[in-house]
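Residue numbers (full-length UniProt numbering): 1 to 492.
The next block holds one structure in the form of C-alpha cells; read it before the comments.
Now the structure itself:
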C-alpha cells in the first residue's frame, strides 16, 4: 500500500529545532562511525543539518519550514520523512507536533546526543545491526578503537578503591546563609523575576543520558504479526494485559517479543493469540537460551544481597526488590545466573495461573527460598499461596505482615515445645534404649503419696507419736501388685 506522505506532513508546515544539550566533537564522531551504517546517508545528513541549525549559545534555532529543510538537504518530502523516522527510532531525534485553534501545525524537533560506544555496544540490537552492515573486520576495528585497555588493567590490578573527592561544602566553608537570601518584594527578587520572564533559557539538560527507547510498543508489534493473526483480537484488553505481563516477567522489548509473535502457530483459527501456547514457547525459548532479553534496571543497594544472602523480610531492601524486579530477574539474582526450568515454571505459574501480583509473587519466592534452604518445594509454596489468596493478599506490605506473624507463631510454638520437653522426667534407659515404664494405678499412687506426706510430717515433728495406720505392706493384695510392677520396671 502506497504511503500518502502529504496526509502526514506538508512542505509549508513550520518547524523549530532545539537541542537537548550541546554536542561534543567526539559525539558527532560516534554518529559517523556507529550510527551512519545503520541509518543511511539521508538520515545522517538530516541529523547534521538539524545539529547545525541550532545556535550553540542558546540551544534553539529560528523558525523555519519543511520546505527549507528539503532545499538544504536535497531530499524529497517522502525521503525527508523516512530519514526523520530513522533518527526517531534510534533515539537521536524526538518530534512534537503543536496545533493552534486555526488548525495550523508547528513541529518541534529535539536533537539528542548519541549513545557512547560503551552503551552502543552493550545494546544487543544496535550492536548486531551494525555488525550485519559493516561485517567482521570493520566491526573489530571499531571495537579496538573505542576499547579502554588501561582502564580494564587498572580494574584487575588495583582492586581497592577509595573516593577522596571533596564535596561542595568542604571547599566553600566560608559561604554564609545571608549571601543566598532573596527577600520577598526586594529589588533583587524583582530583577531575577524579570530576567526569567524576558530571557527564558533553552531547556537543555547537562545531565541528560541518551538512550534508545526499547519499551513495549503495541504499534510496532503490529508489524510482526503473521497473516493469520487479527490485530484487533490480538490486542484486545485481555491480550494486551498478557503481553505486558510477559514483557515484564521475561524483560523483553518490542523487538524481542515481536520475534516470538511472528510464529503463525501461536494463533487460533479466529485470529486471536493463544496465550497458553505463547507462554509455553517462551519457557522453552528461555530454557534453550534463545530468548533475546534486555538488561534489567538496577535496584539501589542490590549489591547487598545475592546468592546465599537474601534480604530480610520487612526490611527496606526486601520491599524495594519485590516492587521493582520481575520474578524471573529476582530468581536469576538469587542463583547468580540462569535459573532451571522448574524454578521458572513455579514462578511463572504463580503469576499467570494463580493471578497473584508481581510483588506478592516475589515475596512468596523470597520467603520460600529463605525457609526451605534455597529450594522451591511445590507443596510448601501451594500451602502459602492458598493461605494468602484466601486472605486476599495483594501487596508486598501485606505479605510481609503475614511472613512476620508466621515467624512469631513458629518461634512461640518452638519455645513452648522446648519448655514441655524440659519439664518431663528423663526416661529410664537400659543398654542405650528407653525402657517403657508402666503407670501405677491411681489408688496405689494415692496411697504412696499419703505415706510420703506422713513420713515428711514425722521428720518435721519427731516428738509427736501419732497412732499407727495401715500401709500398703499391711495389705497382701496391694503389696503383691506393687512388687510385680517394680520387677517389671527393673526388667526382671
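Ideal placement from N, C-alpha and C gives every residue a C-beta, glycine not left out.
None of these values were measured; they are calculated from a predicted model.
Given this structure, state the Cα-to-Cα distance separating residue i from residue j, to the nearest angstrom.
i: residue 420; j: residue 386; result: 32 Å
i: residue 225; j: residue 160; result: 52 Å
i: residue 20; j: residue 110; result: 6 Å
i: residue 237; j: residue 223; result: 19 Å
i: residue 6; j: residue 52; result: 27 Å
i: residue 278; j: residue 343; result: 18 Å
i: residue 115; j: residue 313; result: 39 Å
i: residue 63; j: residue 57; result: 16 Å
i: residue 260; j: residue 157; result: 43 Å
i: residue 400; j: residue 360; result: 9 Å
i: residue 218; j: residue 268; result: 20 Å
i: residue 418; j: residue 408; result: 15 Å
i: residue 370; j: residue 247; result: 27 Å
i: residue 34; j: residue 119; result: 11 Å
i: residue 235; j: residue 182; result: 55 Å
i: residue 41; j: residue 220; result: 24 Å
i: residue 414; j: residue 245; result: 41 Å
i: residue 184; j: residue 197; result: 17 Å
i: residue 323; j: residue 25; result: 41 Å
i: residue 318; j: residue 390; result: 23 Å
i: residue 496; j: residue 171; result: In this structure the chain extends from 1 to 492, so residue 496 is not present and cannot be described.
i: residue 296; j: residue 332; result: 11 Å
i: residue 350; j: residue 410; result: 25 Å
i: residue 290; j: residue 274; result: 21 Å
i: residue 117; j: residue 30; result: 7 Å
Determine the DSSP secondary structure at residue i, reduced to helix, strand or coil.
i: residue 156; result: helix
i: residue 73; result: helix
i: residue 217; result: coil
i: residue 503; result: No information on residue 503 is available, as it lies outside the stretch 1 to 492 that the chain covers here.
i: residue 161; result: coil
i: residue 27; result: helix
i: residue 286; result: helix
i: residue 420; result: helix
i: residue 99; result: strand
i: residue 355; result: coil
i: residue 59; result: coil
i: residue 259; result: helix
i: residue 309; result: strand
i: residue 278; result: helix
i: residue 65; result: strand
i: residue 225; result: coil
i: residue 273; result: strand
i: residue 465; result: With a pLDDT of 49 at residue 465, under the threshold of 50, the modelled position of this residue cannot be trusted, and the question is left open.
Between which residues of its own chain and residue i is the CB-CB distance below 6 Å, once the five residues before and five after are set aside?
i: residue 271; result: 229, 230 and 233
i: residue 255; result: 125
i: residue 341; result: 287
i: residue 258; result: 221 and 224
Assuming residue i is part of the alpha helix (DSSP H), what are its boundary residues?
i: residue 108; result: Element bounds for residue 108: not the alpha helix (DSSP H) but the beta strand (DSSP E), 105-111.
i: residue 18; result: Looking at the DSSP string, residue 18 is not in any alpha helix (DSSP H); the run it does join, the beta strand (DSSP E), is 14-19.
i: residue 367; result: 358-371
i: residue 38; result: 36-53
i: residue 345; result: 341-352
i: residue 390; result: 378-390
i: residue 329; result: 327-335
i: residue 318; result: 316-324
i: residue 497; result: Not covered by the structure: residue 497. The range shown for the chain is 1 to 492.
i: residue 193; result: 187-198
i: residue 231; result: 231-234
i: residue 240; result: 237-250
Less than 7 Å between C-beta atoms, sequence neighbours within five positions excluded: which residues of the same chain meet that for residue i?
i: residue 88; result: 94 and 95
i: residue 464; result: Because residue 464 sits at a pLDDT of 48, beneath the cut-off of 50, its placement in the model cannot be relied upon, and the following sentence gives the value as read from the coordinates. Counting only Cβ-Cβ distances below 7 Å, and skipping sequence neighbours, we find nothing.
i: residue 61; result: 16, 17, 53, 54 and 55
i: residue 264; result: 226 and 228
My guess is that residue i and residue j are in contact by the Cβ rule of under 8 Å, so how many angstroms apart are they, rounded?
i: residue 358; j: residue 327; result: 7 Å
i: residue 28; j: residue 83; result: Not a contact, Cβ separation roughly 17 Å.
i: residue 321; j: residue 353; result: The pair is not a contact, with the Cβ atoms about 23 Å apart (cut-off 8 Å).
i: residue 253; j: residue 294; result: 5 Å
i: residue 9; j: residue 75; result: That pair is no contact at about 12 Å.
i: residue 85; j: residue 16; result: Not a contact, Cβ separation roughly 19 Å.
i: residue 105; j: residue 13; result: 5 Å
i: residue 283; j: residue 241; result: The pair is not a contact, with the Cβ atoms about 19 Å apart (cut-off 8 Å).
i: residue 384; j: residue 395; result: Actually they do not touch by this definition, with Cβ atoms about 16 Å apart.
Excluding the five sequence neighbours on either side, which residues of its own chain have a C-beta within less than 8 Å of the C-beta of residue i, listed in chain order?
i: residue 72; result: 49
i: residue 133; result: 37 and 38
i: residue 121; result: 127, 143 and 146
i: residue 32; result: 44
i: residue 11; result: 65, 66, 67, 70 and 77
i: residue 377; result: 368
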